[in-house]
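Per the numbering used here, the very first residue in the sequence shown carries number 237; after that it's consecutive. Each residue gets a CB set at the ideal place from its N, CA and C atoms; glycine is no exception. Nothing here was measured: the structure is a model prediction, and the numbers come from that model.
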Amino acid sequence: QQDEEKSNEYLDELEFLAYTAGGEVLKRFVQKMEKPNPKTFIGTGKMEDVRAFVEANDVGVAIFDDELSPAQQKNIEKILQCKIIDRTNLILDIFAQRAQTSYARTQVELAQYEYLLPRLAGMWTHLERQRGGIGMRGPGETEIETDRRIVRDRISLLKKKIAKIDKQMEVQRGNRGALVRVALVGYTNVGKSTLMNVISKSEVFAENKLFATLDTTVRKVVIGNLPFLLTDTVGFIRKLPTQLVESFKGTLDEVREADLLLHVVDISHDSFEDHIASVNKILDEIGSADKPTLMVFNKIDAYEPEIIEEDDLVTLKTKAHYTLKEWKKTWMNSTNGDAIFISALNKDNFEEFRKTVYDKVRDIHVTRFPYNN
Ligand code: GDP
């Protein structure tokens with residue numbers, strides 16, 4: 237039962253990703269298996285169900301929630317006779333659509349080529365089989381090598397280009413002087429851009445889609461008399477393709493070099509605990525797990541509390557009656573850093589939020605310039 241709930245949530249997210257990429261989902265298929273089928277990922281019976289549906293409904297694309305091996309992708313394509321996309325592919329696609337600056341586009345292109353490279357051989361194997369294989373091996377091999385070389389050349393070119401921009405960004409960050417740096421991090425679509433807008437009173441693009449933000453935005457913010465820099469960063473997601481983590485290193489440097497992280501969470505989302513874990517995992521991967529962090533539980537206006545068992549800390553009644561104090565009594569406050577509960581949309585608890593950020597920034601400022609304060 238719990239497994240079923242989880243797989244439903246995962247597919248909800250996959251459907252949202254598909255929608256973000258511009259697709260419409262007609263049907264979901266779920267299969268419980270001990271291990272994925274090495275040849276076709278799903279089993280023969282299930283595959284026949286999918287094939288029949290694809291044929292009957294003239295489906296253009298079949299999306300799998302896990303990363304498929306190049307061979308699996310080819311095998312499935314042959315059976316279903318439609319385009320086969322895996323989760324990584326879909327996320328890369330969205331990133332490609334959303335990349336606005338040439339820096340982001342370069343980063344995405346690099347990730348796409350890195351995804352493609354190990355798949356080149358599979359592509360040719362497939363073609364060879366169709367051509368009959370024997371006798372074609374010679375030229376086929378050469379073509380694979382030529383293609384690989386082209387892709388490898390392109391990859392090293394893109395890497396150089398990115399390294400150059402990273403250097404420039406590093407210099408820019410250096411030029412920002414000694415101001416305290418605060419970075420918004422969080423799962424995708426939790427409200428980071430909205431929060432950025434209300435804190436800095438600026439207009440950053442916010443949209444109910446995944447990954448509205450690919451490029452970092454830096455704003456100078458003043459609370460009280462205290463100026464600091466606030467950065468919006470790319471949204472994190474479960475199973476973020478490793479190629480993307482790598483190529484977005486420069487963007488993630490903003491996080492790495494921040495003095496304080498505001499980890500924004502959408503508590504109205506059923507899977508928010510998983511989201512926190514995913515974000516923490518990525519923070520760990522980029523070596524930023526131990527930074528001072530303020531947990532910002534956002535969208536309290538949309539939070540529908542579950543009826544909680546009696547032995548839990550507090551019995552949650554209705555969401556309308558929550559005061560900040562009551563929020564603090566919930567288990568959520570037992571997270572590592574401090575926690576605050578807000579609605580960026582309605583500005584609920586916003587003064588508390590500003591004050592908490594102010595205090596934290598001030599603490600950092602004071603340790604940095606002990607004699608100026
Ligand atoms: P980001 O991807 O983390 O930058 O998220 P966005 O700022 O783009 O917001 C994603 C969606 O959540 C948008 O539709 C926002 O209007 C919505 N949103 C942001 N904050 C809140 C909030 O406090 N309450 C509710 N109900 N929705 C919010």
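| Asked | Found |
| --- | --- |
| How would you write the range of the beta strand (DSSP E) that H601 sits in, first residue to last? | That residue, H601, is in no beta strand (DSSP E); its alpha helix (DSSP H) goes 586-604. |
| Go to G422, then tell me how far its beta strand (DSSP E) extends in each direction, as first and last residue. | 417-422 |
| According to DSSP, V457 sits in a beta bridge with which residue or residues? | F464 |
| What I want to know is whether the C-beta of K428 ends up closer than 7 angstroms to one or more non-hydrogen atoms of ligand 1. | yes |
| Measuring CB atoms only, is the segment 383-394 touching the segment 470-478, in the sense that at least three cross pairs come out at less than 8 angstroms? | no |
| So who's on the other strand from N325, going by DSSP bridges? | According to DSSP, which records beta bridges pairwise, N325 is partnered with nothing at all. |
| Within a Cβ cutoff of 6 angstroms, which residues of the same chain sit near V416, ignoring the five residues on either side of it in sequence? | F464, D495, V597, I600, H601 |
| CB L262 to CB N293, shorter than 8 angstroms? | yes |
| Sort out for me which residues DSSP pairs A298 with in a bridge. | I320 |
| Give the DSSP bridge partners of I576, in chain order. | V532 |
| How do the segment 392-409 and the segment 338-349 stand: do at least 3 beta-carbon pairs fall below 8 angstroms, yes or no? | yes |
| From T278 to V501, what distance separates their C-alpha atoms? | Looking at the sequence shown, residue 278 is not Thr but Ile. C-alpha separation (whole angstroms): 34 angstroms. |
| At a threshold of 7 angstroms, does T424 count as lining ligand 1 (C-beta to nearest heavy atom)? | yes |
| Looking at C-beta atoms only, is the number of pairs between the segment 296-305 and the segment 318-328 that lie closer than 8 angstroms three or more? | yes |
| What is the residue span of the beta strand (DSSP E) that V501 lies within? | 496-502 |
| Using DSSP with H/G/I as helix, E/B as strand and the rest coil, what is F508? | helix |
| So, with DSSP's three-state summary, where would you put F472? | strand |
| Three Cβ pairs or more, each shorter than 8 angstroms: is that satisfied between the segment 499-517 and the segment 454-464? | no |
| Which residue comes first and which comes last in the alpha helix (DSSP H) that contains E245? | 238-256 |
| Considering only residues of the same chain and omitting the five flanking positions on each side of E490, which have a CB-CB separation below 7 angstroms? | A419, T452, T467, T469 |
| May I have the straight-line CA-CA distance separating Q317 from I576, to the nearest angstrom? | 50 angstroms |
| Given the structure, does A580 come close to ligand 1, in the sense that its CB is under 7 angstroms from one of the ligand's heavy atoms? | yes |
| Assuming R287 is part of the alpha helix (DSSP H), what are its boundary residues? | 280-293 |
| Counting C-beta neighbours from all protein chains within 10 Å, is the total for V593 16 or more, i.e. buried, or is it exposed? | buried |
| Pull the bridge partners of F277 from the DSSP assignment, please. | N273 |
| Can you tell me the Cα-Cα spacing of L328 and V344, whole angstroms? | 7 angstroms |
| Can you tell me where the alpha helix (DSSP H) holding I435 begins and where it ends? | 428-436 |
| Does V261 come out as helix, strand or coil in the three-state DSSP assignment? | coil |
| Considering only the beta carbon of each residue, do Q333 and A257 sit closer than 8 angstroms? | yes |
| Is any heavy atom of ligand 1 found at a distance shorter than 7 angstroms from the C-beta of D537? | yes |
| Are there 16 or more other CB atoms within 10 angstroms of the CB of E545, so buried, or fewer, so exposed? | Residue confidence is low: E545 scores 48 on pLDDT, short of 50, so the model does not pin down where it sits. No coordinate-derived value is stated. |
| Under 7 angstroms from any heavy atom of ligand 1, does the C-beta of G471 make it? | yes |
| Distance check for Y351 and I315, CA to CA, integer angstroms please. | 23 angstroms |
| From the DSSP output, in three-state form, read off N425 for me. | coil |
| T276 to V458, Cα distance in whole Å? | 56 angstroms |
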